[in-house]
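Step one of this worksheet: look at the structure below.
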Amino acid sequence: MVRRQSILEERKKSIIDKASFCRGDGSGISCGKSSVSGAVSQRACMFSGARVVLNPITDAYHIIHGPIGCASYTWDIRGSLTSGSDTFRTSYSTDLRETDVIFGGEKKLEAAIDELVAQESAKLIFVYGTCIVGVIGDDIDAVCRRAEEKHGIRVIPVKASGFSGTKSQGYKLACDAIMQLVEPYKNIPKVKGINILGDFNLAGEMWIIKSYMKKLGIPVVSTVTGDASCESLLRMPSAQLNIVQCAGSSTYLATRMEEELGIPFIKVSFFGAEDTTNSLIRIAQALGDEAAVRKAVAFTTEEAEAAEAFLQAYRPKFEGKKAAIYVGGGFKAISLIKQFNEMGIETVVVGTQTGKEEDYEIIEHLVNENTVILDDANPSELEEFMLEKGANILVGGVKERPLAYKLGIAFCDHNHERKHALAGFEGIRNFTREVNLSINSPVWEYCR
Ligand code: SF4
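Numbering (this note's numbering), first residue to last: 628 to 1075.
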């Protein structure tokens, strides 16, 4: 526990420093809990968690049943790419007003679904109930059921009132919605191939992973949900194996699919040379495909050597530099610490919005003695520890960017707004270049 007057008493158990309070098994940090009231958490709400997972389905329609403010989580701040439909780039909202709150919003929702079906020939609609809908008690289950019967399409409710849980519970709601979608297809015959879970095709990263699978001779049955379509998702139950990239958002889905569809899963990560190499070999091994294992070993050996040669040229530029990491899930924080190690940069602050004990256990083993580890941090804590530990760069998402810039610290977006692919061996080069450009920019000399 970090004992500091400036830290709220209720937050102290969620901040540890390795030297004084790590137990080595992740149990020393309080995580997976609701945010502390008044602490102004960096964590997004439950609805946002659900939206992050479902929004990348390219030909799905998303109706935000709530006030227009909730609908601001649009494609514009998400950036998943598509090889097909771009329907998912448009958001829809019932824009609930005061009279709807008094008299109920069900009729307005029904009308919105009817209008969407009439105008857009929608095949799949997700209806998100946000905070106010939970308060006024609109029966969105019934509205969606009636709409399915009336229009003969899938209309799936996602009851994601922000106040009723954490962002992680929003992920679960999205996973439940996907399971509801594939329910009628649960018993389709198995085929050779894998599903890729927990990659949202940011900056085209799903395409990189798919290209690796092609090199290894491993067919991809379905992607969940980056660059997915309604039709491709329905093939999901036929895969032999699930690989889970974003464990925080998609392990629950993988677990349900293992229990209900008999599809085993492994967790993977395609960030950094070490994790990309291990993941590709482990996927081939999990399929019991000897030829794929040989191809994976040959491919990753060649690519890792090339990446190492590339990194060697950059390491002198990173000498003495320190990084702070604040990301959504534990899997990415773990990969980033390893990636910074590969680059010769020490991680001095690391935190996540939704990390679990098992994630923090790995993080504790990876970081140095004086590293501060935080769960569900707020801006004030991040700023304090970045300054105290002398971080030269913060890696985070859209909400963390201004914190770094206000302190005159370099920043790299590793979240939904990133414009360059950061996954795979291509991602190593892009990430290294971006970190170098930001961390060694002359602009920081002019900041106080
Ligand atoms: S009103 Fe509720 S559901 Fe909407 S953005 Fe805010 S917390 Fe999330």
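Note that the Cβ used here is the ideal one computed from N, Cα and C, for glycine as well.
In this text, all values refer to a predicted model and were calculated from it rather than measured experimentally.
Have a look at residue i and residue j and give me their C-alpha separation to the nearest angstrom.
i: residue 754; j: residue 863; result: 22 angstroms
i: residue 954; j: residue 981; result: 9 angstroms
i: residue 899; j: residue 799; result: 27 angstroms
i: residue 742; j: residue 866; result: 36 angstroms
i: residue 796; j: residue 1016; result: 33 angstroms
i: residue 719; j: residue 756; result: 13 angstroms
i: residue 970; j: residue 986; result: 22 angstroms
i: residue 839; j: residue 639; result: 43 angstroms
i: residue 1049; j: residue 712; result: 24 angstroms
i: residue 918; j: residue 1056; result: 28 angstroms
i: residue 775; j: residue 695; result: 25 angstroms
i: residue 777; j: residue 886; result: 33 angstroms
i: residue 792; j: residue 662; result: 10 angstroms
i: residue 1032; j: residue 929; result: 38 angstroms
i: residue 828; j: residue 810; result: 25 angstroms
i: residue 968; j: residue 1051; result: 16 angstroms
i: residue 988; j: residue 961; result: 10 angstroms
For residue i, count neighbouring C-beta atoms within 10 Å of its own C-beta (all shown protein chains included) and say buried if the count is 16 or more, exposed if not.
i: residue 841; result: exposed
i: residue 1074; result: exposed
i: residue 1040; result: buried
i: residue 846; result: exposed
i: residue 683; result: buried
i: residue 936; result: exposed
i: residue 814; result: exposed
i: residue 738; result: exposed
i: residue 664; result: exposed
i: residue 951; result: buried
i: residue 667; result: exposed
Are residue i and residue j closer than 9 angstroms when you measure CB to CB?
i: residue 763; j: residue 785; result: no
i: residue 781; j: residue 750; result: yes
i: residue 801; j: residue 676; result: yes
i: residue 704; j: residue 1043; result: yes
i: residue 892; j: residue 882; result: yes
i: residue 599; j: residue 806; result: An answer regarding residue 599 cannot be provided, because it is not within the stretch 628 to 1075 covered by the chain.
i: residue 844; j: residue 673; result: no
i: residue 642; j: residue 999; result: yes
i: residue 1009; j: residue 978; result: yes
i: residue 963; j: residue 1022; result: yes
i: residue 744; j: residue 752; result: yes
Just to confirm my understanding: we take residue i, look at its own chain, exclude 5 residues before and 5 after, and list those with CB closer than 8 angstroms. What are they?
i: residue 924; result: 908
i: residue 821; result: 840, 845, 846, 847, 848, 866, 867, 868, 869, 870, 910 and 914
Grab me the residues of residue i's own chain with a C-beta within less than 6 angstroms of its C-beta, minus the 5 sequence neighbours each way, in chain order.
i: residue 825; result: 871, 872, 873, 876 and 877
i: residue 833; result: 826, 850, 853 and 854
i: residue 996; result: 645 and 646
i: residue 958; result: 874 and 896
i: residue 691; result: 697, 698, 720 and 755
i: residue 910; result: 870
i: residue 671; result: 794
Could you pull out every residue in the same chain whose Cβ sits closer than 7 angstroms to the Cβ of residue i, ignoring the five residues on either side in sequence?
i: residue 1026; result: 669
i: residue 1061; result: 1039 and 1047
Residue i CB to nearest chain D CB: under 9 angstroms?
i: residue 963; result: Absent from the structure is chain D; it holds one protein chain and no more.
### Task
Just list the alpha helix (DSSP H) runs in the segment 981-1058, keeping only unbroken ones of 4 residues or longer that don't cross its boundaries, in chain order.
984-993, 1006-1016 and 1028-1033
### alpha helix (DSSP H) runs wholly inside the segment 791-829, at least 4 long, in chain order
794-809
### Runs of beta strand (DSSP E) lying entirely within the segment 841-873, each at least 3 residues, in chain order
847-852 and 868-871
### Query
Which parts of the segment 696-780 are runs of the alpha helix (DSSP H), unbroken and 4 residues or longer, counting only runs that do not cross its ends?
725-730, 733-747, 758-763 and 767-778
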